[in-house]
Amino acid sequence: MQTNAFQVEVVQCCPVSVRSPARLVACSRSSSIRPPHRTGNNVQRKPLKVPLRPFIMLQRELRLSRFQPGRPRARPTDIKRLGQAHLSWDDPFYDIARQQIVEVAGDDNFGRKVIVFSACRMPPQHQLDHHKLLMYLKHTLDQYVESDYTLIYFHHGLTSENKPSLSWVRDAYREFDRKYKKNIKALYIVHPTMFIRTLLILFKPIISFKFGRKLNYINYLSELEEIVKCEQLVIPSRVREYDEKIRQALKPSAQAAMSPPRSPPLPTQQFGVPLSEYAPLLINKPTFVSSGLQTEGIFRRSANVSLVRSIQEKYNSGQEVNFYQLEDVHLAAVILKKFLRELPEPLLTYQLYNDVVNIHNVENTSQVERIRNMLHTLPEENYASLKFLIQFLSQVLAQSEVNKMNSANLAVVFGPNLLWGQDAAMTLSAIGPINNFTRLLLDQHQEIFSS
1 MQTNAFQVEV VQCCPVSVRS PARLVACSRS SSIRPPHRTG NNVQRKPLKV PLRPFIMLQR
61 ELRLSRFQPG RPRARPTDIK RLGQAHLSWD DPFYDIARQQ IVEVAGDDNF GRKVIVFSAC
121 RMPPQHQLDH HKLLMYLKHT LDQYVESDYT LIYFHHGLTS ENKPSLSWVR DAYREFDRKY
181 KKNIKALYIV HPTMFIRTLL ILFKPIISFK FGRKLNYINY LSELEEIVKC EQLVIPSRVR
241 EYDEKIRQAL KPSAQAAMSP PRSPPLPTQQ FGVPLSEYAP LLINKPTFVS SGLQTEGIFR
301 RSANVSLVRS IQEKYNSGQE VNFYQLEDVH LAAVILKKFL RELPEPLLTY QLYNDVVNIH
361 NVENTSQVER IRNMLHTLPE ENYASLKFLI QFLSQVLAQS EVNKMNSANL AVVFGPNLLW
421 GQDAAMTLSA IGPINNFTRL LLDQHQEIFS S
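Just so we're aligned: 84 in our numbering is position 84 of the sequence shown, and the numbers increase by one with no gaps anywhere.
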């Protein structure tokens, strides 16, 4: 039996008596470094004004989602080493997953899930079962295909040695039926070559017109910043090095144009700034109406990209936004997710990152108490905002038979927006535990947030 690089490392630190495959896995788990247990006291918190910025927007839009006649309408700790997979060694897709060819990287700037495919990580043809790779890609997409999503393809590194046959590419396109193609909102091809451009021309007769409109070429990584935070992507070093090489070949004036300086935040800035206790633009008395929570797929759908940008600019400049006239119930949901995603530090904070991704190591009977103690270490404004958000989502959850958003679906949507690693890319191995933690918050919210 072959052992991967990770198992070799474990063998070196394990006694001879535990070197069977099953015990290797057990040893690797037990030898992982766990964060110290926080004993946090049940602190009596004084009443705190919740920063309602995005929540009031969402409540307003959900309240008006069924319009009444006559009314206007409205990186270090997280990055996996190659050879370590998020699946167990006996999983049928383990040999594919360990290559990290396919990764999930949270949400893009418009609330859509991001799937990353890196060609440079594909091994030589004789070492890779391409049919199995296709099945693994479908297996990964199946977890997110009911939501709007974005696919980013890093083309650099595709060579004559690891390039699949044209017949495989054709069959792969046909393998993905309507449910996969319908909800993919954009396919970004990074560092396209003449080969890939020619290939797409050859395949034009079998590519639908609608799907063809979703194809976009990205020449430099800096262009991706308009779509997604690059630091959350697991970008292979070969791709970064190649991007730097072609950037260096540009004239200085062209380089300056590619990386314009960021303007300082406005005095009325609402997005991309730390949580505050006072946001006069959006504060209003919250009112929940059940009809607004019954929209099927709420939080799963994206909104018009230009409209999202326009709404964000209005809030940042201090303008009032009239949701009565917008008619799109999903817009406020996207704005809420965008607000959370653009916080300088995630709502759950970097300090709790290790505790969250290792919560599965805690006994089930002790998890609620452990989570309660963890959350008591949050800053006051973070704790209040998180409690407010989870209580609101519990009302969405109460309508799950109608809106199809159970706790698992809500966790997939909100998990990556509540926590990410500091200077670390989002990977499948981290997203799973974060989503599970979010699901626990939703399922056990009454016990966790009890006084």
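By construction, the Cβ of each residue, glycine as well, lies at the ideal position given by its N, Cα and C atoms.
**Item:** Exposed unless 16 or more other CB atoms sit within 10 angstroms - verdict on alanine 249
**Value:** With fewer than 16 Cβ atoms within 10 Å of its Cβ, alanine 249 is classed as exposed.
**Beta-carbon proximity check, methionine 460 vs leucine 393, cutoff 9 Å** = Not covered by the structure: residue 460. The range shown for the chain is 1 to 451.
**Request:** Return the CA-CA distance between tyrosine 149 and isoleucine 96, expressed in angstroms with no decimal places.
**Result:** Rounded to the nearest angstrom, the gap between the Cα atoms of tyrosine 149 and isoleucine 96 is 22 Å.
**Request:** Tell me whether valine 239 counts as near the ligand GDP, meaning its Cβ is closer than 8 Å to at least one heavy atom of that ligand.
**Result:** In the structure on display, the ligand GDP does not appear, and there are no ligands present to speak of.
**Asked** Among the residues of its own chain, which have a CB less than 7 Å from the CB of arginine 372, if the five just before and after it don't count?
**Response** The beta carbon of arginine 372 is closer than 7 Å to those of Ile448 in its chain, skipping five residues each way along the sequence.
**Prompt:** Measuring CB to CB, does proline 236 end up less than 9 Å from cysteine 120?
**Reply:** Yes; because the gap between Cβ atoms is below 9 Å, this pair is in contact.
**Request:** For asparagine 162, collect the residues of the same chain with a Cβ closer than 8 Å to its Cβ; drop the 5 residues on either side in sequence, then sort them by chain order.
**Result:** Answer for asparagine 162: Ala119, Met122, Pro123, Pro124, Gln125 and Leu128, listed in chain order.
**Message:** Threshold first: 4 residues or longer. Then list the alpha helix (DSSP H) segments lying entirely within the segment 117 to 199, N to C.
**Reply:** Under the rule that a run must span 4 or more residues, the alpha helix (DSSP H) segments found entirely inside the segment 117 to 199 read 130 to 141, 166 to 175 and 178 to 182.
**Request:** Use the C-beta contact count for proline 416: other C-beta atoms within 10 angstroms, 16 or more gives buried, fewer gives exposed.
**Result:** Burial state of proline 416 is buried, judged by a 10 Å Cβ sphere holding 16 or more other Cβ atoms.
**Message:** Whether or not the segment 402 to 419 and the segment 303 to 311 are in contact is what I'm after, with contact meaning three or more pairs of Cβ atoms, one per stretch, closer than 8 Å; do they touch?
**Reply:** Touching, no.
**Prompt:** Assuming phenylalanine 154 contacts valine 190 under a Cβ cut-off of 8 Å, what Cβ separation, rounded to an integer in Å, is found between them?
**Reply:** Approximately 5 Å separates the beta-carbon atoms of phenylalanine 154 and valine 190; this is inside 8 Å, confirming the contact.
**Prompt:** When the distance is taken between beta carbons, is asparagine 322 closer than 9 Å to glutamine 270?
**Reply:** The Cβ-Cβ distance between glutamine 270 and asparagine 322 does not fall below 9 Å.
**Asked** Helix, strand or coil for tyrosine 217 per DSSP?
**Response** Three-state result, tyrosine 217: strand.
**Message:** Which complete alpha helix (DSSP H) runs does the segment 317 to 363 hold, if anything under 4 residues is left out?
**Reply:** Runs of the alpha helix (DSSP H) inside the segment 317 to 363: 329 to 341 and 353 to 357.
**Asked** Mind pulling the alpha helix (DSSP H) runs of 4 or more residues that sit fully within the segment 367 to 436?
**Response** Segments of the alpha helix (DSSP H) lying fully in the segment 367 to 436: 367 to 375, 380 to 398, 400 to 403 and 407 to 418.
**Message:** Less than 9 Å between the C-beta atoms of isoleucine 359 and asparagine 435, yes or no?
**Reply:** No. Outside cutoff.
**Message:** Cutting at 7 Å between CB atoms, please list the residues of its own chain near leucine 347, excluding the five before and the five after it.
**Reply:** Setting aside the 5 residues that flank it on each side, leucine 347 is surrounded in the same chain by Leu340, Asn382, Ser385, Leu386 and Leu418, each with a C-beta closer than 7 Å to its C-beta; the list follows chain order.
**Prompt:** Where do the N-terminal and C-terminal ends of the alpha helix (DSSP H) with aspartate 107 fall, by residue?
**Reply:** No alpha helix (DSSP H) holds aspartate 107; the beta strand (DSSP E) holding it covers 102 to 107.
**Request:** Pull up the distance between the alpha-carbon of serine 114 and that of glutamine 143, whole angstroms please.
**Result:** Sequence check: residue 114 is valine here, not serine. Looking at the backbone, the Cα of valine 114 and that of glutamine 143 are separated by about 12 Å.
**Asked** Out of curiosity, what's the CA-to-CA distance linking glutamine 325 and leucine 331?
**Response** Just so you know, the alpha carbons of glutamine 325 and leucine 331 end up roughly 12 Å apart.
**Asked** Just checking my contact of histidine 156 with arginine 238 at CB under 8 Å: how many whole Å lie between their CB atoms?
**Response** So it is a contact: roughly 7 Å between Cβ atoms.
**Asked** Mind checking whether phenylalanine 117 and leucine 151 have CB atoms under 9 Å apart?
**Response** Yes, these two residues count as a Cβ contact at 9 Å.
**Request:** Determine the DSSP secondary structure at valine 308, reduced to helix, strand or coil.
**Result:** In the structure shown, valine 308 sits in a helix (DSSP, three-state: H, G or I).
**Asked** Are the beta-carbon atoms belonging to lysine 314 and phenylalanine 110 less than 9 Å from one another?
**Response** Contact: no.
**Prompt:** DSSP state of lysine 229, grouped into three classes?
**Reply:** Lysine 229 sits in coil when the DSSP states are folded into three classes, being neither helix nor strand.
**For isoleucine 298 and methionine 405, believed in contact at Cβ under 8 Å, the rounded distance** = About 6 Å; that satisfies the 8 Å criterion.
**Request:** Report buried or exposed for asparagine 512, applying the criterion of at least 16 other Cβ atoms within 10 angstroms of its Cβ.
**Result:** The chain is shown from 1 up to 451; residue 512 falls before or after that span and cannot be answered.
**Three-state secondary structure (DSSP) of valine 273** = Of the three classes helix, strand and coil, the one that applies to valine 273 here is coil, per DSSP.
**Message:** Residues in the same chain with beta-carbon distance under 6 Å from leucine 137, minus the five sequence neighbours each way, listed in chain order, please.
**Reply:** Contacts found: Val102.
**Request:** Return helix, strand or coil for isoleucine 115, following the three-state DSSP convention.
**Result:** Strand at isoleucine 115.
**Asked** Where do the N-terminal and C-terminal ends of the alpha helix (DSSP H) with lysine 245 fall, by residue?
**Response** Counting along the chain, the unbroken alpha helix (DSSP H) around lysine 245 starts and ends at 237 to 248.
**Chain-order list of residues whose beta-carbon lies under 7 Å from that of arginine 34 (same chain, five-residue window excluded)** = With a pLDDT of 43 at arginine 34, under the threshold of 50, the modelled position of that residue is not reliable, and the figure given next carries that caveat. Cβ-Cβ distances below 7 Å link arginine 34 to Asn358 and Asn361 in the same chain, with the five nearest sequence neighbours on each side left out; the list follows chain order.
**Asked** Are glycine 272 and glutamate 226 touching if we call contact CB-CB under 9 Å?
**Response** Taking 9 Å as the cut-off, the beta carbon of glycine 272 is found no closer than this to the beta carbon of glutamate 226.
**Message:** Suppose you measure from the CA of aspartate 108 to the CA of asparagine 216; what does that come to, to the nearest Å?
**Reply:** Taking the straight line from one Cα to the other gives about 15 Å.
**Given aspartate 328 as reference, the closest of Thr295, Val356, Gln319 and Glu320 once Cα atoms are compared** = Distances from the alpha-carbon of aspartate 328 to those of Thr295, Val356, Gln319 and Glu320 put Thr295 closest.
**Message:** Could you tell me the alpha carbon to alpha carbon distance between leucine 442 and valine 169, rounded to whole angstroms?
**Reply:** Pairing leucine 442 with valine 169, the inter-Cα distance amounts to about 41 Å.
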